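Trainee:
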Amino acid sequence: MAVTSARTLKLLSIFGIGATLTAGELATRLGTSVRTVRRDIGTLRDLGYEIEAVRGVGGGYRLGRATRLPPVVFDEDQAVATAVALQTVPTVLSGIRENAARALATLHQAMPARSRVHAEAFTVSSARNYWEFPAPPIDAGIVRAVGSAINRQHLLRVDYTGDGEPVTLTLEPHDLVVWAARWYLVAFDPDADRWRAMRVDRVEPRLPTHTPFVRRDIPHGDPVAFVMTAHDRGDAAAEWQCRGSATLALPASTVAQFAPGGSTVGYDTETTCRLTLGAWSWPGLAGLLLTFDADITDVEPAELRQALHSLRTRITRALRPG
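Residue 51 in my numbering is what sits at position 39 of the sequence shown, and the numbering runs on without skipping anything.
1) State the CB to CB distance for the pair residue 28 and residue 59, rounded to an integer number of angstroms; the pair is presumed to be in contact (CB under 8 angstroms).
2) Whole angstroms are fine: how far does the CA of residue 89 sit from the CA of residue 53?
3) Could you tell me the alpha carbon to alpha carbon distance between residue 219 and residue 103, rounded to whole angstroms?
4) What residues in its chain sit with their C-beta under 8 angstroms from that of residue 70, if we drop five residues either side in the sequence?
5) Would you tell me roughly how many angstroms separate the C-alpha atoms of residue 322 and residue 269, rounded to the nearest one?
6) For the alpha helix (DSSP H) holding residue 300, just list the boundary residues, first then last.
7) Using 10 angstroms around the beta-carbon of residue 38, count the other beta-carbons present and answer buried if the total reaches 16, otherwise exposed.
8) Measure the C-alpha to C-alpha separation of residue 191 and residue 265 and round it to an integer number of angstroms.
9) Using the beta-carbon count (16 or more within 10 Å), is residue 302 buried or exposed?
10) Thinking C-beta only, is residue 119 closer than 8 angstroms to residue 94?
11) Nearest to residue 166 by CA position, among 148, 212, 226 and 91, is which residue?
12) Compare the C-alpha of residue 287 against each of 217, 304 and 325 and name the closest.
13) Give the straight-line distance between the Cα atoms of residue 114 and residue 315, rounded to the nearest whole angstrom.
14) Please name the residue, chosen from 150, 216 and 197, that lies closest to residue 179 on a Cα-to-Cα basis.
15) Going by the beta-carbon positions, is the gap between residue 239 and residue 209 smaller than 8 angstroms?
16) Given a threshold of 16 other Cβ atoms within 10 Å of its Cβ, counted over all protein chains shown, does residue 185 qualify as buried or as exposed?
17) Since residue 258 and residue 311 should fall inside the 8 angstroms C-beta cutoff, what is the C-beta to C-beta distance between them, to a whole number of angstroms?
18) Quick check for students: name the residue ranges of the beta strand (DSSP E) that lie wholly in the segment 173 to 238, counting only runs of 3 or more.
19) Looking at residue 271 and residue 295, is the spacing between their C-beta atoms short of 8 angstroms?
20) So, residue 152 versus residue 107, is the Cβ gap smaller than 8 angstroms?
21) Are the CB atoms of residue 35 and residue 57 within a distance shorter than 8 angstroms?
22) Which class does residue 290 belong to by DSSP, given the choice of helix, strand or coil?
23) Exposed or buried, which one is residue 333 when buried takes at least 16 other CB atoms within 10 Å?
24) Do we get a CB-CB distance below 8 angstroms when we pair residue 225 with the residues of chain C?
25) Expressed to the nearest angstrom, what Euclidean distance is found between the alpha-carbon atoms of residue 18 and residue 42?
Right, dumping it as structure tokens:
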């Protein structure tokens, strides 16, 4: 009986995502048979849940639109995922630590004992990765304002601080992307007639416009790919003790995907770009440049050029027989 109840609970949580799934797909997710799935669907209906059967191509089962789930319907894996999320979110959103802690405590109280054991089994501590160079945690109100405009497909007016003075922009917001511990807004700028990847920590939303727009196709068909290949996404060079730059015989979009945290990529030509980055030592910085496996020119400063000469000497010595 306990196994049946747990399986039915998991089935209900699957329906909670809002998708329409066939009995076969549900059986695969639950690790059981189609016959058992149909019996569990009958159990949910007996409990008062409206489970709709959708006929035709793309048909299957889904939760009725008027049906509300209980406040908490978590299996063990979901309990762990929720605990991790609520403990780590303060590292990327400011002003939310207390609310996240309260939410986690509330969920612990509302969870069945078995789920609660998994959620309370550990605590998560965050440590700094010196290669990430994360932006400061973003105000949750900014994320809500931007996310609301994306969800409603409303134009977004913002004050944006890039390399110089703040500018006011009217944007068509499409997606939020978190990459390398930084939040980016993917938006189309109709005034400039181009797509932008913008650091959200440099955005200050103005009052809602309530003006709708029609979504466009994002370059590369994927907001994450667009952010990763955008060389002008607003990143700033980090304050390493050794910092230099060089021109690489690679497109900016290629280097932008693999440049270390705290580096900047400048467009030069279709096939070359200018990379500025830092490291703990000049030989370390030289080694980072060599990882791109491309011709390097216009190396600055002199200390970086000397480090490259030193590496060449070491490599030549290492390749000598005996």
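For glycine and all other residues, C-beta sits at the position ideal for the given N, C-alpha and C. These numbers come from a predicted model, not from an experiment.
Mentor: Quick look at the numbers:
1) Going by Cβ atoms, the distance from residue 28 to residue 59 rounds to 14 angstroms, so no, they are not a contact pair.
2) 22 angstroms
3) Distance between the alpha carbons of residue 219 and residue 103 is about 27 angstroms.
4) 32
5) 28 angstroms
6) 294 to 302
7) Flag for residue 38 reads buried.
8) A straight line joining the alpha-carbon of residue 191 with that of residue 265 spans about 16 angstroms.
9) Burial call: exposed.
10) yes
11) 226
12) 304
13) 52 angstroms
14) Put simply, of 150, 216 and 197 the residue whose alpha carbon is nearest the alpha carbon of residue 179 is 216.
15) yes
16) buried
17) 5 angstroms
18) 179 to 191, 194 to 201, 206 to 211 and 215 to 217
19) no
20) Yes. Within cutoff.
21) Against a cut-off of 8 angstroms, the Cβ pair of residue 35 and residue 57 comes out as no contact.
22) strand
23) exposed
24) Among the protein chains of the structure shown there is no chain C, as only one such chain exists.
25) 10 angstroms
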